[in-house]
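Quick mapping for you: the protein sequence lines, in order, are chains A and B.
If you want my numbering, it's the 1-based position in the first sequence plus 181.
If you want my numbering, it's the 1-based position in the second sequence plus 1.
Glycine included, every Cβ here is placed at the ideal spot set by N, Cα and C.
It should be emphasised that the depicted structure is a prediction, and the values quoted were computed from it without experimental measurement.
Scroll down for the structure; my scribbles are underneath it.
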Amino acid sequence: MESRPLFALEDALGIAQHHDAVSGTAKQHVADDYSFKLQTGLDLASKFVAKTLKNTLISDSGLLENLTFCHQLNESICDLSQDATKSLGKDLYVVVYNAKASEVSSIIRLPVSTNQTYLVERVERNATVARSRLVETVQAVNLRTTDKPRYTVMFDTGPLPPIGVALFRVSMTNKVFSSSLRSNDLTETRRLFRAAD
Amino acid sequence: GKDVVVSNELLSVTFDSSTGMMKQVFSQNVSLLLTQEWGYYTSFDSDYDRTEVPSSRADQNSGAYVFRPSTPEEKLKLMNASPSGAKFVDTSVGTEVHVAFDAPWIRQVTRILKGQPYVEIEYTIGPIPIDDGRGREIVNRYITPIKSEGKVYTDSNGREFLERRRNYRPSWSLEVYEQVAGNYYPINAAAYIEDSDAALSVVVDRSQGGGSIIDGTLEFMVQRRTVADDFRGVDEPLNETCGGMEPYPPYGDAKRVGDGVVIRGVHRLLVGAKGAGLARSQMDATFAEPLIFVASSPKPSTPVGAL
Numbered sequence: 182m183e184s185r186p187l188f189a190l191e192d193a194l195g196i197a198q199h200h201d202a203v204s205g206t207a208k209q210h211v212a213d214d215y216s217f218k219l220q221t222g223l224d225l226a227s228k229f230v231a232k233t234l235k236n237t238l239i240s241d242s243g244l245l246e247n248l249t250f251c252h253q254l255n256e257s258i259c260d261l262s263q264d265a266t267k268s269l270g271k272d273l274y275v276v277v278y279n280a281k282a283s284e285v286s287s288i289i290r291l292p293v294s295t296n297q298t299y300l301v302e303r304v305e306r307n308a309t310v311a312r313s314r315l316v317e318t319v320q321a322v323n324l325r326t327t328d329k330p331r332y333t334v335m336f337d338t339g340p341l342p343p344i345g346v347a348l349f350r351v352s353m354t355n356k357v358f359s360s361s362l363r364s365n366d367l368t369e370t371r372r373l374f375r376a377a378d
Numbered sequence: 002g003k004d005v006v007v008s009n010e011l012l013s014v015t016f017d018s019s020t021g022m023m024k025q026v027f028s029q030n031v032s033l034l035l036t037q038e039w040g041y042y043t044s045f046d047s048d049y050d051r052t053e054v055p056s057s058r059a060d061q062n063s064g065a066y067v068f069r070p071s072t073p074e075e076k077l078k079l080m081n082a083s084p085s086g087a088k089f090v091d092t093s094v095g096t097e098v099h100v101a102f103d104a105p106w107i108r109q110v111t112r113i114l115k116g117q118p119y120v121e122i123e124y125t126i127g128p129i130p131i132d133d134g135r136g137r138e139i140v141n142r143y144i145t146p147i148k149s150e151g152k153v154y155t156d157s158n159g160r161e162f163l164e165r166r167r168n169y170r171p172s173w174s175l176e177v178y179e180q181v182a183g184n185y186y187p188i189n190a191a192a193y194i195e196d197s198d199a200a201l202s203v204v205v206d207r208s209q210g211g212g213s214i215i216d217g218t219l220e221f222m223v224q225r226r227t228v229a230d231d232f233r234g235v236d237e238p239l240n241e242t243c244g245g246m247e248p249y250p251p252y253g254d255a256k257r258v259g260d261g262v263v264i265r266g267v268h269r270l271l272v273g274a275k276g277a278g279l280a281r282s283q284m285d286a287t288f289a290e291p292l293i294f295v296a297s298s299p300k301p302s303t304p305v306g307a308l
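Written as structure tokens, this is what we have:
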């Protein structure tokens, strides 16, 4: 009964097994209907998963109250992270869930509102901070050239446990970023110049 | 005239500093000349192209059920979009190369990321212009000197790789009418070409059509927009406008509004000795990206409690 919110997504995925959904040979308004059903299911499922993650992650504090799934990261849009980084007053928490049965490391790209320096900390067991580093923002690639410029914070998660989660805290700082701040304990990409031949 | 070499622990990529396009990749002790081009096939439309082909084949348009480029000559040649500017951006997790093209609806970011064994190509396509009344099928082609001898390997089911041979079918003798469309296959996870010296694998983040029309090349159709129906049952062209239809529900003469959909996708390129192993190493990670949830809390916030 707890996982009833997942049924809507299951239903929508079942309906989308129809050959014209899989192959794209449906009329446009039918394709719209498939996407509507899938998005409705996704919305319900993501709320359920967020609540489950919150309950298993942080048991006794008001933290992560508004934990939500970022549906439009592929469009460099995430309302909550952009809202939380408009001013210095809030901390942003990022929960990364690895669905694979093997350890992976990934690069997270998160839209933020302010072109500032951010401190990224990985929060481990008993709320100790395992890794922290300062990162600068990069201008996001907007989906449409006419969109307002946006910024992205990018950080490496380090090893994510198999079928597990990692928690990060991202805080805006008012430090001005300079390349000397680039921490050298992480290997960087290097750029060389040489003649065309 | 200068090249830029960007490298991480596992690979190094040489870029043309003015166009921002790749020239060469060195990875897993293999050095491979690798270039790339964007272009499109013009969709076959019997209203325009009927005279180019025998009358017996003059009606079949390109559309939802059928992919068919417009004219025989064009079949082998992409209408190229050339790069018009590049920006190299250092980030905290790697280097990005932002490339703009003379077709403003094609944009690309090439990423070399810390600790990742692949070159990530992120493309943003659209809205595809149709004001000249012609449909376009957008293709990204990777070009190498690999002596693939007409062979390409595609997964079709997300698991096994099948050998595909140009202008050939294993179970009947094929008469080739469509040199491009007849050599396109479904690619749901990855495709690769290889010879005794090198292999190029490309892992896709969504199902696409693609193939190897010319030796040493791999191409992927990343987006399509047609303006003619292919008379196979949908009864409308592939023309998503991103604005919906009016009046809605659209039965009969509904009018499309909006200027066209914009899509964004990723190709991950791996260079090495064996194509299958390269592809296999990234298929799962590309299919099951970590899920990201965010929350905010007023400062000072202390993450208490046990994970």
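Along the chain, where does the alpha helix (DSSP H) containing residue i start, and where does it finish?
{"i": "residue 210/A", "result": "209 to 238"}
{"i": "residue 264/B", "result": "First-last for residue 264/B: 264 to 273, but that is the beta strand (DSSP E), not the alpha helix (DSSP H)."}
{"i": "residue 463/A", "result": "Nothing in the structure corresponds to residue 463/A, since chain A is present only between 182 and 378."}
{"i": "residue 299/A", "result": "Careful: residue 299/A lies outside any alpha helix (DSSP H), inside the beta strand (DSSP E) at 298 to 304."}
{"i": "residue 261/A", "result": "260 to 265"}
Using CA atoms only, rank isn't needed, just tell me which of the options is closest to residue i.
{"i": "residue 144/B", "options": "258/B, 72/B, 220/B", "result": "220/B"}
{"i": "residue 147/B", "options": "121/B, 202/B, 115/B", "result": "202/B"}
{"i": "residue 223/B", "options": "230/B, 231/B, 81/B, 211/B", "result": "211/B"}
{"i": "residue 103/B", "options": "115/B, 40/B, 238/B, 93/B", "result": "40/B"}
{"i": "residue 268/A", "options": "296/A, 225/A, 183/A, 228/A", "result": "296/A"}
{"i": "residue 293/A", "options": "282/A, 322/A, 342/A, 219/A", "result": "322/A"}
{"i": "residue 260/A", "options": "113/B, 127/B, 81/B, 295/B", "result": "295/B"}
{"i": "residue 252/A", "options": "236/A, 222/A, 246/A", "result": "222/A"}
{"i": "residue 159/B", "options": "99/B, 287/B, 27/B", "result": "287/B"}
{"i": "residue 278/B", "options": "29/B, 10/B, 23/B, 121/B", "result": "29/B"}
{"i": "residue 153/B", "options": "227/B, 141/B, 196/B, 138/B", "result": "196/B"}
{"i": "residue 118/B", "options": "286/A, 298/A, 301/A", "result": "286/A"}
{"i": "residue 227/B", "options": "289/B, 21/B, 43/B, 24/B", "result": "43/B"}
{"i": "residue 343/A", "options": "199/B, 57/B, 6/B, 289/B", "result": "289/B"}
{"i": "residue 106/B", "options": "85/B, 214/B, 72/B, 293/B", "result": "85/B"}
{"i": "residue 284/A", "options": "325/A, 345/A, 270/A, 256/A", "result": "345/A"}
{"i": "residue 101/B", "options": "109/B, 94/B, 95/B", "result": "109/B"}
Specify the secondary structure class of residue i as computed by DSSP and reduced to three states.
{"i": "residue 365/A", "result": "Here the model assigns residue 365/A a pLDDT of 41, short of 50, so the residue's position is not dependable, and the following value carries that caveat. Three-state DSSP puts residue 365/A in coil, outside helix and strand."}
{"i": "residue 51/B", "result": "helix"}
{"i": "residue 186/A", "result": "helix"}
{"i": "residue 290/A", "result": "strand"}
{"i": "residue 81/B", "result": "strand"}
{"i": "residue 114/B", "result": "strand"}
{"i": "residue 246/A", "result": "coil"}
{"i": "residue 256/A", "result": "helix"}
{"i": "residue 33/B", "result": "strand"}
{"i": "residue 4/B", "result": "strand"}
{"i": "residue 318/A", "result": "strand"}
{"i": "residue 9/B", "result": "coil"}
{"i": "residue 341/A", "result": "strand"}
{"i": "residue 58/B", "result": "helix"}
{"i": "residue 97/B", "result": "strand"}
{"i": "residue 87/B", "result": "strand"}
{"i": "residue 191/A", "result": "helix"}
Along the beta strand (DSSP E) that carries residue i, what are the first and last residues, could you check?
{"i": "residue 286/B", "result": "Looking at the DSSP string, residue 286/B is not in any beta strand (DSSP E); the run it does join, the alpha helix (DSSP H), is 276 to 288."}
{"i": "residue 272/A", "result": "271 to 279"}
{"i": "residue 16/B", "result": "12 to 17"}
{"i": "residue 105/B", "result": "Here residue 105/B belongs to no beta strand (DSSP E), and DSSP marks it neither H nor E."}
{"i": "residue 299/B", "result": "292 to 299"}
{"i": "residue 66/B", "result": "Per DSSP, residue 66/B belongs to no beta strand (DSSP E) and is neither H nor E."}
{"i": "residue 200/B", "result": "200 to 205"}
{"i": "residue 22/B", "result": "Premise fails: residue 22/B is in no beta strand (DSSP E) and is neither H nor E."}
Under 7 Å from any heavy atom of the ligand MG, does the C-beta of residue i make it?
{"i": "residue 273/A", "result": "Because no ligand of any kind appears in the structure shown, any question about the ligand MG cannot be addressed here."}
Self-check item: Length at least 3, wholly inside the stretch 121 to 197 of chain B: the beta strand (DSSP E) runs in chain order
Solution: 137 to 144, 152 to 155, 163 to 166, 186 to 188, 191 to 195
Quiz item: Residues in the stretch 3 to 14 of chain B with C-beta within 8 Å of chain A's C-beta atoms, listed in sequence order?
Solution: 3, 4, 5, 6, 7, 8, 9, 10
Quiz prompt | Selection of the stretch 111 to 143 of chain B by Cβ proximity to chain E, strictly under 8 Å | solution = In summary, chain E is missing from the structure at hand, where the protein chains are A and B.
Quiz prompt | Proximal residues, the stretch 278 to 296 of chain B versus chain A, C-beta separation under 8 Å | solution = 285, 286, 289, 290, 291, 292, 293, 294, 295, 296
Quiz item: Using a Cβ cut-off of 8 Å, which residues of the stretch 253 to 274 of chain A contact any Cβ in chain B, in chain order?
Solution: So the list reads 254, 255, 256, 259, 261, 262, 264, 265, 269, 270, 271, 272, 273, 274, given in the order they occur along the chain.
Quiz item: When Cβ atoms are compared, which residues of the stretch 328 to 349 of chain A fall closer than 9 Å to chain B?
Solution: Those would be 333, 334, 335, 336, 337, 338, 341, 346, 347, 348, in chain order.
Quiz item: According to a CB-to-CB cut-off of less than 7 Å, which residues of the stretch 189 to 206 of chain A neighbour chain B?
Solution: 205, 206
Self-check item: beta strand (DSSP E) runs contained entirely in the stretch 208 to 244 of chain B, provided each spans 3 or more residues
Solution: DSSP runs (the beta strand (DSSP E)) wholly in the stretch 208 to 244 of chain B: 209 to 212, 218 to 226.
Quiz item: Any residues in the stretch 83 to 108 of chain B with a beta carbon nearer than 8 Å to a beta carbon of chain A? Which ones, in chain order?
Solution: 89, 90, 91, 92, 93, 94, 95, 96, 97, 99, 105, 108
Quiz item: Got a sec: which bits of the stretch 257 to 277 of chain B sit with their beta carbon under 7 Å from any beta carbon on chain A, in order along the chain?
Solution: 263, 265
Quiz item: What residues from the stretch 160 to 171 of chain B come within 9 Å of chain A, judged by C-beta to C-beta, listed N to C?
Solution: Closer than 9 Å at the C-beta level to chain A, one finds no residue of the stretch 160 to 171 of chain B.
Quiz item: What are the residues of the stretch 196 to 210 of chain B that lie near chain A, defined by any Cβ-Cβ distance shorter than 9 Å?
Solution: 208
Practice problem: Give, in chain order, every residue of the stretch 38 to 68 of chain B whose Cβ lies closer than 7 Å to some Cβ of chain A. | Solution: 65, 66
Quiz prompt | Contact list for the stretch 291 to 306 of chain A against chain B, Cβ threshold 8 Å | solution = 291, 304, 305, 306
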